[in-house]
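Asker:
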Amino acid sequence: MSTNTSGHKKVWDIIPQDKQEKYGQHYRKAPRSFVDVPALTNFMDEPKFPAQADPANVACRFKWDYPIVNLMSGHIRTCCRVPKQVITDHDIETYGADAIQNLPYEQDRRREKLLGITHVDCESCVRLEWNGSAPPRGGLDNFVNGWLIGENQGYPYTVTDVQKWYVDKIPTDPEQLPFNHPLLRADRPEMLEIILGNHCDLKCTYCSIHYSTQWQSELIKFGDIKKEDLKEHFPAAPEKLEKVFWEWFYDVGRHTSKVINILGGEPTYMPKFYDVMEKLTAAYKDLGKKDRHVELGILSNMNTKPLQMDRFLNLLPELTKYVFLRLQPSIEALDKKAEYIRYGLDWNRFEGNIRRILSEREKYGLTPDNFGMGFQMALNSFSISSLPEFVHWTNSLINEYDFEIGLMKNVVSFPRHHNPHVLTPDFGAYIEEARDYIEIFAEKNDRQIRGLMKKHTGLVAHGSWISYNRDLLDGLAKSVSSHERSQFDIDSRAHWYHFVEQMKTRRGADVLNHYPEMTDFYNLCKKYAGV
Ligand code: SF4
1 MSTNTSGHKK
11 VWDIIPQDKQ
21 EKYGQHYRKA
31 PRSFVDVPAL
41 TNFMDEPKFP
51 AQADPANVAC
61 RFKWDYPIVN
71 LMSGHIRTCC
81 RVPKQVITDH
91 DIETYGADAI
101 QNLPYEQDRR
111 REKLLGITHV
121 DCESCVRLEW
131 NGSAPPRGGL
141 DNFVNGWLIG
151 ENQGYPYTVT
161 DVQKWYVDKI
171 PTDPEQLPFN
181 HPLLRADRPE
191 MLEIILGNHC
201 DLKCTYCSIH
211 YSTQWQSELI
221 KFGDIKKEDL
231 KEHFPAAPEK
241 LEKVFWEWFY
251 DVGRHTSKVI
261 NILGGEPTYM
271 PKFYDVMEKL
281 TAAYKDLGKK
291 DRHVELGILS
301 NMNTKPLQMD
311 RFLNLLPELT
321 KYVFLRLQPS
331 IEALDKKAEY
341 IRYGLDWNRF
351 EGNIRRILSE
361 REKYGLTPDN
371 FGMGFQMALN
381 SFSISSLPEF
391 VHWTNSLINE
401 YDFEIGLMKN
411 VVSFPRHHNP
421 HVLTPDFGAY
431 IEEARDYIEI
441 FAEKNDRQIR
451 GLMKKHTGLV
461 AHGSWISYNR
471 DLLDGLAKSV
481 SSHERSQFDI
491 DSRAHWYHFV
501 EQMKTRRGAD
511 VLNHYPEMTD
521 FYNLCKKYAG
531 V
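Under our numbering, the sequence shown has 425 at position 425, and the numbering climbs by one with no breaks.
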C-alpha cells in the first residue's frame with residue numbers, strides 16, 4: 001500500500017492493481033460522455049437533509065480539494081458555500097495537521113457524498129438541483145474522471161459509463177465504507193484559500209462586518225451591534241493553528257495546490273500578509289521548482305499607503321520566480337463615484353498605485369509570463385452609470401503601459417439595494433455603451449490572456465474581455481433595459497432610498513453629489529419609501 005508524505009493511505013489505493021489493468025483494457029481510449037443523473041425530485045418531495053439520493057446527485061470534488069483556512073478566527077471549511085467550522089485547541093492537540101482537511105466532521109461529510117446522502121451543509125447546491133438549475137458542485141463525471149482518475153491517477157483511463165464504474169469500484173453500502181476508509185481522506189488540495197482576517201481600511205457599501213473592521217466600528221458606533229457580541233463572530237484562532245497550518249502546507253499543500261488565493265479584509269493592510277508572502281516564497285524556493293505551476297491570487301483594494309506598497313513590491317522579484325501572480329485590484333468605478341462605493345478610498349492613491357505597478361513592473365521582475373492583473377469589478381446599482389468611462393479608462397491604461405488588464409466578473413445581489421436590477425430601464429443604456437466599447441477592443445485585449453491560458457493550463461481566467469461581454473454584459477444589458485422587474489427588486493428601491501439616506505447621516509456622503517445622473521432614480525426610490 002503506497003503512502004503519502006504524512007503516512008496515510010492514498011485515496012486511489014481503493015482500486016486494486018489487477019482491476020486497474022482489467023478495466024483499463026475494457027475502457028481503453030473510451031471517449032467521455034454525459035452522465036444520466038436521476039432527478040433529485042425522484043428521491044424527495046422537497047429538499048431534505050439528510051436524505052438518501054443517488055451519488056450522482058451529491059458528488060462534488062470540492063469536499064476533497066478545496067480547503068479554506070482562516071488564520072485569524074480559526075475557521076475552516078471545504079468549499080466556499082458550506083458553513084464554517086471552528087478549529088479548537090483540542091482539535092489541534094488531537095489531530096495535528098489533519099485539523100486542516102481531515103477532521104472527523106469533514107470525513108463524515110465525504111462519506112455521505114460517496115453514499116449519495118444529502119447534507120444541510122450543501123443546502124445551496126441541493127436546492128438548486130432540486131429546482132432543476134445547475135448547481136456549482138463538480139458533479140459525478142468530474143469526481144470520477146477529473147478527480148479520482150485524472151488528478152489521483154487511480155485508474156489508467158477516463159471512463160465512459162461513469163455510473164457503472166462508480167458502482168463497481170466505490171462502496172455504496174455503508175457497511176463497506178467504514179469511517180476510516182482511505183477514500184474519506186483529503187490529501188491533495190488543488191485550490192487553497194488563506195483568509196488573513198477582516199482588518200480593512202475601507203467600508204465598501206456592499207461589504208459587512210465579516211470582511212471589514214471599518215464596517216464593524218461603524219455598526220458599533222451607531223448601536224446596530226454590541227461590542228460584546230463580536231467574539232461570537234470572530235473567535236480567536238487556536239495559538240498553534242499557524243504552526244500546524246504551515247507544517248501541513250510544507251508536507252501537503254505546496255505539493256498539489258494549483259491555485260492559492262489570499263483574502264482579507266485588505267491583505268496589504270495587515271502585517272500578517274507580508275509574513276505569509278515570505279513563508280510562501282520560502283516554501284516554493286525550498287521545493288526548488290521554478291515552473292510556475294502555482295497561481296497566487298491576491299485580492300486588494302490597492303488603497304495601500306506608500307510604505308506598505310514599497311514592502312509589497314519588494315517581495316515580488318523573489319516571489320514571482322516561483323508563482324504566477326494574479327493581482328486583482330477591487331474597483332468598478334472612477335474617482336468620486338468609486339469613493340462613494342468604496343468608502344475610505346483615496347482615488348488618487350489607488351490610481352497612483354496601479355500606475356506605479358504598471359510603469360515599474362520591470363524593476364520588480366514582473367513579466368507577462370509571471371504576472372497578470374484583472375480589475376475585480378463588483379457591478380452594483382451605484383457603479384452602473386460609470387461603467388462606460390471605467391472600461392474606457394482601463395483600455396487607456398492598457399495602451400499607455402502596453403500591458404493587458406482583465407475585467408473580472410461579479411454582480412452584487414445582496415445587500416438587495418445593490419443589485420443593478422433595482423435600477424430603472426434607462427440605466428441599461430450605460431451597460432450597452434460599455435458593452436459596445438468592450439466589443440471593439442476585446443480581441444486585442446485578450447491576447448495575453450489567450451497566451452497564458454495556452455501555456456499554463458488550469459490557470460484561473462484572468463478576466464477575458466470577450467467573455468465579459470458574452471457571459472455578463474450581453475445578458476445584463478438586456479435584463480436592465482427591459483421593463484420587467486421582480487417585485488423583490490421593485491421593493492428594494494425603498495431599501496435603496498433608506499440606505500443612501502443613512503450614508504448621508506452616518507458618513508456625510510450625499511449620493512447626488514457623487515451621482516447627479518441618479519436624481520430621477522433617487523426621487524423615484526423616495527416615493528417607494530413613502531417619503
Ligand atoms: S455540493 Fe455545493 S456546497 Fe457542497 S461542497 Fe460541492 S459546491 Fe460546495
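Where is the CB? At the ideal position from N, CA and C, for every residue including glycine.
In this text the structure is predicted, and so the values were computed from the model without any measurement.
Taking DSSP as the reference, what is the three-state secondary structure of tyrosine 343?
Answerer: Note: tyrosine 343 maps to strand in three-state DSSP.
Asker: Short check: CB of leucine 148 to CB of alanine 56, under 7 Å?
Answerer: Result no, Cβ atoms of leucine 148 and alanine 56 do not sit closer than 7 Å.
Asker: Look at the Cβ atom of glycine 116, then the Cβ atom of valine 69, and state whether they are nearer than 7 Å.
Answerer: No.
Asker: For the alpha helix (DSSP H) that leucine 316 lies in, which residues bound it at each end?
Answerer: From DSSP, the alpha helix (DSSP H) with leucine 316 extends over 306 to 319.
Asker: Taking 6 Å as the cut-off, is the CB of cysteine 122 close to at least one heavy atom of the ligand SF4?
Answerer: Answer for cysteine 122: yes, Cβ within range of the ligand SF4.
Asker: Return yes when at least one heavy atom of the ligand SF4 lies under 6 Å from the C-beta of valine 82, else no.
Answerer: Yes; taking the cut-off as 6 Å, the Cβ of valine 82 has a heavy atom of the ligand SF4 nearer than that.
Asker: For glutamine 107, which residues from the same chain have a beta carbon less than 6 Å from its beta carbon, with the 5 sequence-adjacent residues on both sides left out?
Answerer: Taken in chain order, the residues that qualify are Leu184.
Asker: Could you tell me the alpha carbon to alpha carbon distance between tyrosine 437 and asparagine 314, rounded to whole angstroms?
Answerer: Going by the C-alpha atoms only, they are around 36 Å apart.
Asker: Report all residues from its chain with a CB closer than 7 Å to the CB of histidine 548; omit the five preceding and five following residues, and keep chain order.
Answerer: It is not possible to answer for residue 548, since the shown part of the chain is limited to 1 through 531.
Asker: Work out the CA separation of glutamine 176 and asparagine 152 for me, nearest whole Å.
Answerer: Roughly 21 Å between the two C-alpha positions.
Asker: Identify every residue that forms a DSSP beta bridge with glycine 374.
Answerer: Answer is Gly406.
Asker: Serine 359 and proline 329 - do their beta-carbons sit closer together than 7 Å?
Answerer: Taking 7 Å as the Cβ cut-off, proline 329 and serine 359 do not qualify as a contacting pair.
Asker: Look up asparagine 70 in the DSSP assignment and give the residues it is bridged to.
Answerer: According to DSSP, which records beta bridges pairwise, asparagine 70 is partnered with Ile195.
Asker: So does the segment 251 to 265 actually touch the segment 197 to 206, counting three or more Cβ pairs closer than 8 Å?
Answerer: At 8 Å Cβ cutoff, the stretches touch.
Asker: For phenylalanine 414 and aspartate 168, what's the separation of their Cα atoms in angstroms?
Answerer: About 44 Å.
Asker: Just how far apart, CA to CA, sit arginine 349 and valine 144?
Answerer: Near 49 Å, if we compare the C-alpha coordinates of valine 144 and arginine 349.
Asker: Please return the same chain residues whose Cβ sits closer than 6 Å to the Cβ of leucine 538, not counting the five positions on each side in sequence.
Answerer: Residue numbering for the chain in the displayed model covers 1 to 531; residue 538 lies beyond these limits and cannot be assessed.
Asker: If you follow the beta strand (DSSP E) that asparagine 261 is part of, which residue opens it and which one closes it?
Answerer: Taken as a continuous stretch (DSSP letters only), the beta strand (DSSP E) holding asparagine 261 covers 259 to 263.
Asker: Under a Cβ-count criterion, where at least 16 other Cβ atoms within 10 Å of its own Cβ denotes burial, should phenylalanine 324 be classed as buried or exposed?
Answerer: Counting Cβ neighbours within 10 Å, phenylalanine 324 comes out buried, since at least 16 surround it.
Asker: To the nearest angstrom, report how far apart isoleucine 87 and tyrosine 95 are at their CA atoms.
Answerer: Near 10 Å, if we compare the C-alpha coordinates of tyrosine 95 and isoleucine 87.
Asker: Since tryptophan 111 contacts aspartate 121 with CB under 8 Å, what's their CB separation in whole angstroms?
Answerer: In the sequence on display, residue 111 carries arginine and not tryptophan. With 8 Å as the limit, arginine 111 and aspartate 121 do not qualify as a contact, their Cβ atoms being about 13 Å apart.
Asker: Look at the alpha carbon of lysine 337 and the alpha carbon of serine 492, and state the distance between them as a whole number of angstroms.
Answerer: Approximately 21 Å between the Cα atoms of the pair.
Asker: Are there three or more Cβ pairs, one per stretch, closer than 8 Å when the segment 466 to 477 is compared with the segment 337 to 346?
Answerer: As far as the Cβ criterion goes, the segment 466 to 477 does not touch the segment 337 to 346, which means the pair count is below three.
Asker: One question on the structure: do phenylalanine 488 and threonine 424 come within less than 7 Å of each other, judged by their Cβ atoms?
Answerer: Not in contact: phenylalanine 488 and threonine 424 (Cβ atoms no closer than 7 Å).
Asker: If you follow the beta strand (DSSP E) that arginine 326 is part of, which residue opens it and which one closes it?
Answerer: Per DSSP, arginine 326 belongs to the beta strand (DSSP E) from 323 to 329.
Asker: Would you check if there are 3 or more beta carbon pairs closer than 8 Å linking the segment 69 to 81 to the segment 44 to 54?
Answerer: Touching, no.
Asker: Please classify glutamine 502 as buried or exposed, where buried requires at least 16 other C-beta atoms within 10 Å of its C-beta.
Answerer: That one is exposed.
Asker: What three-state label does DSSP hand glutamate 332 in the structure shown?
Answerer: Glutamate 332: coil per DSSP, three-state reduction.
Asker: Report yes if the CB atom of methionine 408 is closer than 7 Å to the CB atom of glycine 463, and no otherwise.
Answerer: Yes, these two residues count as a Cβ contact at 7 Å.
Asker: By DSSP, does isoleucine 117 sit in helix, in strand, or in coil?
Answerer: Note: isoleucine 117 maps to strand in three-state DSSP.
Asker: Where do the N-terminal and C-terminal ends of the beta strand (DSSP E) with threonine 78 fall, by residue?
Answerer: 75 to 78 is the span of the beta strand (DSSP E), which, as asked, contains threonine 78.
Asker: Rounding to the nearest angstrom, what Cα-Cα distance links threonine 537 and leucine 114 in this structure?
Answerer: This structure cannot speak to residue 537, because the chain is shown only from 1 to 531.
Asker: In the DSSP assignment, the alpha helix (DSSP H) including valine 531 goes from what residue to what residue?
Answerer: Unbroken run through valine 531: none, as it is neither H nor E.
Asker: In the DSSP assignment, what residue or residues form a beta bridge with lysine 203?
Answerer: In DSSP, lysine 203 forms a bridge with Tyr343.
Asker: How is the alpha helix (DSSP H) around isoleucine 384 delimited, first residue to last?
Answerer: Taken as a continuous stretch (DSSP letters only), isoleucine 384 belongs to no alpha helix (DSSP H), as it is neither H nor E.
Asker: Quick check: the Cα distance between proline 83 and asparagine 399, rounded to an integer number of angstroms?
Answerer: In a straight line, the C-alpha of proline 83 is about 44 Å away from that of asparagine 399.
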